[in-house]
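Okay, so here's the structure we're looking at.
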Amino acid sequence: MMDRFKKFASLAKLTPQQRSAARAVRMAGNQARDERQWHKAQQHYSEYLNLRSDDFSIWVQLGHVCKEAGDLDAAESAYERARLINPADSDLLLNLGHLRKRQNLFEEAHLFFTQAANIDGNKAAVAELNGGWIPATPSLPIIQSSDERRSETEEALADLIKGAKFSMAPGLSLGEEPGLFQFSGMDPQIHFSFTDAIASSKVALLKIAFEKGEYFPSDFGTLFYDLGAGFQAGQMIMVPYSEGNICEVTLLLAAPALVRGLRWDPIEGAGAEIRLRHIHVEAISSLNALHAAVRCLEATQFADPDVADTLVSADEVCEGLAPFFTKDRLFEADYAVMQPFLTPWSGRHHAYSHWRHIYANPSENDYATMDRMIEEMPWRPRFSFVMPVYNTPPQLLCEVLDAMLEQNYPDFEICLADDCSPNAEVLQILEDYASRCPQVKFVRRKTNGHISLASNSAAKLATGDFIVLVDHDDLIPRYALFVVAAYLNRFPDARILFSDEDKISPSGIYFNPYFKSCFNQYLMYGHNMVSHLGVYQRALFEEVGGFYKGLEGSQDYDLTLRCIDQVDPHQIIHIPHVLYHWRQVPGSTSMAAEAKDYAAYAARNAINRQMQRQNLPLASVEGHAPGNHAIDVTHELDTSISIIIPTRNGIDVLDDCLRSIGKCDTVNTEVVIVDNDSDDPEALAYLGRVAKIHPTLNVRVLKAPGAFNFSAINNLAVENSTGDIICFLNNDTRILSKSWLIRARGLLAMEEVGMVGGRLLYPDNTIQHFGIVTGMSDHRVAGGVHLFEDGNGYGYFSKHRMMGEFTAVTAACMFVRRADFDAVGGFETDLAVAYNDIDLCLKIRAIGRRILCDPSILVEHKESKSRGSDTTPEKAERLEREAAWMRARWGEQLLEDPYYSPNLSLKRPDFSLAYPPRQAWPWQLTDDKPSIASGAIARAPRFFSAKKRNDQGFLAICAILKNEAINILEWIAYHRALGVEKFYLYNNNSTDNVDALLEPLIEIGLVDLIDWPIRPAQLEAYDDFVDRHRRNWTWTAFIDLDEFINPLEFDSITDWLQGFNEASAIAVQWMNFGPDGHNTPPDGLLIENYTTRLPDDHAMHGHVKTIVRTADYVKARSPHSMIVSGRIVDEHGEDIDQSVDYAILPVRKHRSICINHYYTRSRSEWAAKLNKGLADHRKDTTVSRNPAWLETYEREAIVPDVRIARFADATRLMLTELGLPAGPQLEKI
């Protein structure tokens, strides 16, 4: 049989890159098949067979999908190709029988069914022959013979398995020689389970050895594991095979007691054969044995040599699993943490390749969806690729040019500058592309100016809205610009956008993805987290002067730092998808961070310039990891510090802690030991004389009797301390850095910084804490990252060796300003033990403060020796109760940590991949809209000092405007006088100089003016506001610039709102005023000049606008009506049914409030309103305002109403306080 397909053997000799490509299209075919996308599967399988035409199983699969697609001729052709390879496969013959039966060729069908039944008693074939559709049946001996062969096969397999119990082996049959097994079914499997002796160990070592038969078309198999719910697609390990004839597979499997069963699928498809030597399982019960096993594997690891250094090392494995070897019993949650450490057979890059194939691999249907989305985009920004070129290897240059030209988003140009490349072929390539492709522009510089000047030369060719920076030897995916455009339509005010990135090896393997967070300014001081893919508004690029000469190697680093000086942090958008492939070439920093020393010097120069521009008391110095940078505090301050240390007994650790503090400079520092009912006589004696034991410390003891409540204990200590800075410190810590207090003082001297944490190490020098991510762990509240990493190592992109911003830090070592601690009410006493530090951090961030983790504040932490762990039922119940409290208070915010990527797991602390990622791609529609990351994780956070108006309070207004400058100052002053604290104004392409008019109010933080160029725009603006500020404002009024909220019976809007504590939204109806005969805007206040309105019962008064409890906002249904998570009421407190659009309600008499709607105003203003269009409709809409309404209002608005005039004096006074003129601003616009 094997002689028939020896002619295919040469086709199986593929390069590693070809094997990877083949594997990818095969898996894509399988996925399409499982999704019943038959034509798509047919395409992928055909691509695969062009590379691996000897793969019997895929020829059969191709036949299946062609048959399902109705292409019976193609199905027959595929089956016949498979038959050339293996003419005696019973499943293939069965399918040929089915095909012939479907073609009404019954005699041929009968023949195929008979052949299948005679080979191995194929049950399906026997059933067909007994089906009565043709008078023929197989003889009983065929079936009896099949049962006997199956029994012989299973006995032979059982003899080859040691340390495990054999179960069954469907799809395998015993060959003619000992140990030889043939794959007779399409899905051959060997099922087995661990013996009791193996199950009692922490890790099992599985060894499979076999010889490949002459026909063996696959280079990998699959091991499935059953954790109690059967074998599932997500619970499997890809098992790569070596290229030689003899294959030895060694796998490490975690927590064998939790694994109900194992299933090895050696290959997919029938026709192959192997000589199985053994399947052996051994127990690994110690870390030493585990280390030895991993080291042994390292020498024989199957991996791409280009990226072999990304394999998980023996030290990493043991460090990660050490805590689990001390446990008496392991649980499924432990398995989820343990197993990913045990990946020596694949390595991190192979895991990413698999993840990327599943989650970052758009189908043709996806591309069709993108095409439709592009046509429907409200805004089609134009992009200019900017790329300097110098002596690029021709093949790489063509590849990057092709990658740009293949973008499925059409609105782009490619701007190139050749920096006098000596290689004439480079110029020839550029000229060729420019002549053939209208998108390509290029200029050849007369002199070599290096990368900065060459980039500027390319940028001068740009005409797009945004500049996209690409290096001349890297790659971008086909959908890169589409994704950027989709994000710009969601965040149209963006001025800087950046994406995630990965690397690509010379052999074509994608690896080492950098899944970033939102923009993190202090991490940016450690390394260039923006870099690739970097997209800059062209106007901003030109405003800052492009690239600066003299900073070559870090010119893009410097550009970003200068740009962020000019933008609102909310205008920096992170796109949480890989849109850039950084090519690994010799001499590039993608190969090794230290490859370009000159780049590091230039980077530190750029960082120091930016710190000087920002007046920060910091300096950039050489980092703690290759290619990165550290931060020095440049001023030694003497701000008073109170170090608060709770304790109960445990004097050994406490004394160690105090001695370590005493070795540091403790000027202007007090130590407050808070004794929570110590009852050990030795401890009481120690506390009584602790001041004498440590005379150099200003130490005293404060009694805190009663049940342990961490929050109450620390609140009491703060009340009884004197420092301007509070340091919360566990008693089981030891200070390892003498400058810790100097650094904390220096960092907290910056008012935007509200809290500082440190890098905490276990006694074995592994990391216990460097920042906390919300949404992690079993309770989905919070958990640490970097856990168990080597303290001397670098970890995930060296992040624990660089200062960075986090959502939270641990109170085991936490610095906070007393003023901020008091402002947020201290620790919550409802959180007696757990999560009190997380809650405090979230409150500190809510008042606009940064939280930093400083790796140079180094502390050893012996981890909760004071109180033990949460192992008893009572403690577990308390932990769950406190977790529920946190989820109730902070809700969805816990699941949107801006400093952690949605592509990373919330179940593990080691930056493992999320399965699936929590953020879909834009083309994966949600409610028929693009799936875009929320502003909570995409936008850079804003931070404020105490001297600058904050983004939080009781009442704000959100409004969209276009050419409304004429009365905007009065509108703002009026509402400010009635209690509105801030105005968020979305500017929809105004041309009336409104930005200059509002500049003084923007400067003092009273107004945010957000560029919002898209159409439709209004509902999108409302959604965007809540996305940014959901937790910042108690109430938000969503009104227009011609609407004045009039609290008829109250002195302010805020007073009126006090009566709606149970409501989530209040619908307030209009009172519509007419033009009062004005042809042009009259002098004076608008609220005094327009004094007649429509009659009380006029239908136009039925329209409402909505004031929303911001945290309860779900979405805007229309400019008038909202969907909220609670009750919507009218001004009378009566419920409104929000299942229908309540934009117009029955007209009722206003009791306490209305909205004065000055819709028409003067005739000239009405004409301007007609011309500007509707913000809640597309540009091409045929909907418009009715010109006749002016006459209607002129005729019917006859009822005098001057009730709002009582606020005229308050409005004038507010205009004066703000330094603003009164009356319409005709000259300024």
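Count along the sequence shown from 1, add 113, and you get the number used in my numbering.
Where a beta carbon is used, it is the ideal one built from N, C-alpha and C, also for glycine.
Check: Continuous beta strand (DSSP E) stretch holding Ala-1212: start and end; Outcome: Run containing Ala-1212: none; DSSP gives neither H nor E here.
Check: DSSP bridge partner residues for Met-281 (one or two, in chain order); Outcome: His-304
Check: Where Gly-1025 falls: helix, strand or coil (DSSP); Outcome: The question names Gly, yet the displayed sequence has Ser at residue 1025. Here Ser-1025 sits in coil by DSSP.
Check: Coil, strand or helix - Gly-939 by DSSP; Outcome: coil
Check: Residue environment, Thr-1193, which counts as buried when at least 16 other CB atoms sit within 10 Å; Outcome: exposed
Check: N-terminal and C-terminal residue of the beta strand (DSSP E) that Ser-497 is part of; Outcome: 496–502
Check: Which of helix, strand or coil DSSP assigns to Thr-505; Outcome: coil
Check: Span of the beta strand (DSSP E), counted from its first residue to its last, around Met-927; Outcome: 926–930
Check: The segment 379–399 contacting the segment 308–315, beta-carbon criterion three pairs below 8 angstroms; Outcome: yes
Check: Residue(s) in a DSSP beta bridge with Leu-971; Outcome: Arg-872
Check: In chain order, each alpha helix (DSSP H) run of at least 4 residues that lies wholly inside the segment 329–415; Outcome: 400–413
Check: Inter-residue spacing [alpha-carbon to alpha-carbon] between Gln-257 and Leu-365; Outcome: With a pLDDT of 49 at Gln-257, under the threshold of 50, the predicted position of this residue should be treated as unreliable, though the coordinate-derived value follows. Distance between the alpha carbons of Gln-257 and Leu-365: 40 angstroms.
Check: Nearest neighbour of Ala-1375, chosen from Trp-1084, Phe-910, Thr-887, Gly-836 [CA to CA]; Outcome: Missing from the structure shown is residue 1375; the chain here goes from 114 to 1342 and no further.
Check: Pair within 8 angstroms by beta-carbon distance, Ala-1180 and Ile-1236; Outcome: no
Check: Between the CA atoms of Glu-381 and Thr-308 - distance to the nearest angstrom; Outcome: 27 angstroms
Check: Secondary structure, alpha helix (DSSP H): runs of 4+ residues fully inside the segment 788–847; Outcome: 794–801, 803–806, 823–832
Check: Touching by the beta-carbon criterion (3+ pairs, under 8 angstroms), the segment 345–359 and the segment 321–332; Outcome: yes
Check: Host alpha helix (DSSP H) of Asp-952 (start-end); Outcome: 949–959
Check: Trp-1036 - DSSP class collapsed to helix/strand/coil; Outcome: coil
Check: Gln-155 versus Leu-205: straight-line alpha-carbon distance, rounded; Outcome: 18 angstroms
Check: DSSP three-state assignment for Tyr-907, whether helix, strand or coil; Outcome: coil
Check: Element boundaries [beta strand (DSSP E), containing His-1233]; Outcome: His-1233 -> no beta strand (DSSP E), and no H or E assigned at all.
Check: N- and C-terminal bounds of the beta strand (DSSP E) containing Val-734; Outcome: 731–735
Check: Inter-residue Cα distance where the pair is Ala-708 and Leu-729; Outcome: Here the model assigns Ala-708 a pLDDT of 44, short of 50, so the residue's position is not dependable and the matter cannot be decided.
Check: Asp-447 vs Ala-368 beta-carbon contact at 8 angstroms; Outcome: yes
Check: Endpoints, the beta strand (DSSP E) within which Thr-673 is located; Outcome: Run containing Thr-673: none in the beta strand (DSSP E); it sits in the alpha helix (DSSP H), 668–677.
Check: C-beta contact flag for Leu-965 and Val-866 at 8 angstroms; Outcome: yes
Check: Complete runs of the alpha helix (DSSP H) confined to the segment 521–599 [at least 4 residues]; Outcome: 537–549, 563–572
Check: Same chain, Cβ closer than 8 angstroms to Leu-1326, neighbours up to 5 away in sequence not counted; Outcome: Ala-1090
Check: DSSP beta-bridge partners of Gln-1372; Outcome: A question about residue 1372 goes unanswered here, because the residues of the chain that appear run from 114 up to 1342.
Check: Rounded C-alpha distance that separates Phe-1138 from Arg-1144; Outcome: 11 angstroms
Check: Own chain residues within Cβ distance below 8 angstroms of Glu-267, not counting five before or after; Outcome: Phe-279, Met-281, Ala-282
Check: For Pro-436, the nearest candidate out of Glu-1247, Thr-879, Thr-1223 (CA to CA); Outcome: Thr-879
Check: Where Asn-1174 sits in the DSSP three-state scheme; Outcome: coil
Check: Contact belief for Ile-757 with Asn-811 at Cβ below 8 angstroms, rounded distance in angstroms; Outcome: That belief does not hold up - the Cβ atoms of Ile-757 and Asn-811 are roughly 13 angstroms apart, past 8 angstroms.
Check: Three-state secondary structure assigned by DSSP to Ala-1072; Outcome: strand
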